[in-house]
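In this note's numbering, the protein residues as written are 102 to 259. Built from N, CA and C at the ideal position, the CB exists for glycine as well. Only a predicted model underlies this, so the values are computations on that prediction, with no experimental measurement involved.
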Ligand SMILES: O=C(O)CCC(=O)C(=O)O
Ligand SMILES: [Mn+2]
């Protein structure tokens, strides 16, 4: 079971035969990604500020769609140009277990329960921690049904 991914904002995340990268265009239709709603950018800026990262100005929002059974393996987010900016992650829908790893892939991750509305910020010395999501247990959220939607806000080129 895999995660469905799209983006909004000036840049979006693409994976294809050439690898992974940020691009200004959605390869599905050749169009610019939909604009990032101002409310999203503001929420991300406020969350970053509350975590001690002032002036966060995301230009990319990755939108991950998980069904029960889908998960995301341990990885680092390291394709953004300026790694001084944090990552802000917003979880919606059914619960998930977030894996907060260390700086080596082999470090044993801590398990953090994430529910609808939870926001996680990682930056500074934690910016390059390995992280992932365990395969989701079957569940139904009253508003979103049997799915989890995760938004991650990034400063990809700024
Ligand atoms: O779904 C999540 O909570 C994490 C997503 C993530 O790490 C990513 O999109 O790079
Ligand atoms: Mn990530």
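Label residue i either buried or exposed according to how many other C-beta atoms from any shown protein chain fall within 10 Å of its C-beta, with 16 as the threshold for buried.
{"i": "residue 176", "result": "exposed"}
{"i": "residue 188", "result": "buried"}
{"i": "residue 235", "result": "exposed"}
{"i": "residue 163", "result": "buried"}
{"i": "residue 142", "result": "buried"}
{"i": "residue 243", "result": "exposed"}
{"i": "residue 160", "result": "buried"}
{"i": "residue 140", "result": "exposed"}
First and last residue of the beta strand (DSSP E) that includes residue i?
{"i": "residue 207", "result": "Element bounds for residue 207: n/a, residue is neither H nor E."}
{"i": "residue 113", "result": "113–117"}
{"i": "residue 246", "result": "Neither: residue 246 is in no beta strand (DSSP E) and is coded neither H nor E."}
{"i": "residue 176", "result": "173–176"}
{"i": "residue 233", "result": "232–234"}
If I follow the unbroken alpha helix (DSSP H) through residue i, where does it start and stop?
{"i": "residue 141", "result": "139–151"}
For residue i, which residues of its own chain have a beta-carbon under 8 Å away from its beta-carbon, when the five flanking residues on both sides are left out?
{"i": "residue 247", "result": "168, 169, 195, 239, 240, 241"}
Let me make sure I understand the geometry here. Which of the options has the alpha-carbon closest to that of residue i?
{"i": "residue 198", "options": "204, 211, 165", "result": "211"}
{"i": "residue 174", "options": "258, 206, 249", "result": "206"}
{"i": "residue 131", "options": "152, 215, 112", "result": "112"}
{"i": "residue 214", "options": "201, 225, 149", "result": "201"}
{"i": "residue 232", "options": "204, 252, 258, 245", "result": "204"}
{"i": "residue 220", "options": "244, 227, 191", "result": "191"}
{"i": "residue 166", "options": "250, 121, 133, 155", "result": "250"}
{"i": "residue 178", "options": "123, 140, 105", "result": "123"}
For residue i, I'd like the list of residues in its chain whose CB is within less than 7 Å of its CB, leaving aside the five on either flank, ordered along the chain.
{"i": "residue 223", "result": "187, 188, 230"}
{"i": "residue 135", "result": "109"}
Notebook entry, point to check: With distances taken from each beta carbon to the nearest heavy atom of ligand 2, which residues come in below 6 Å, in chain order?
Noted result: This criterion selects 176, 178, 232.
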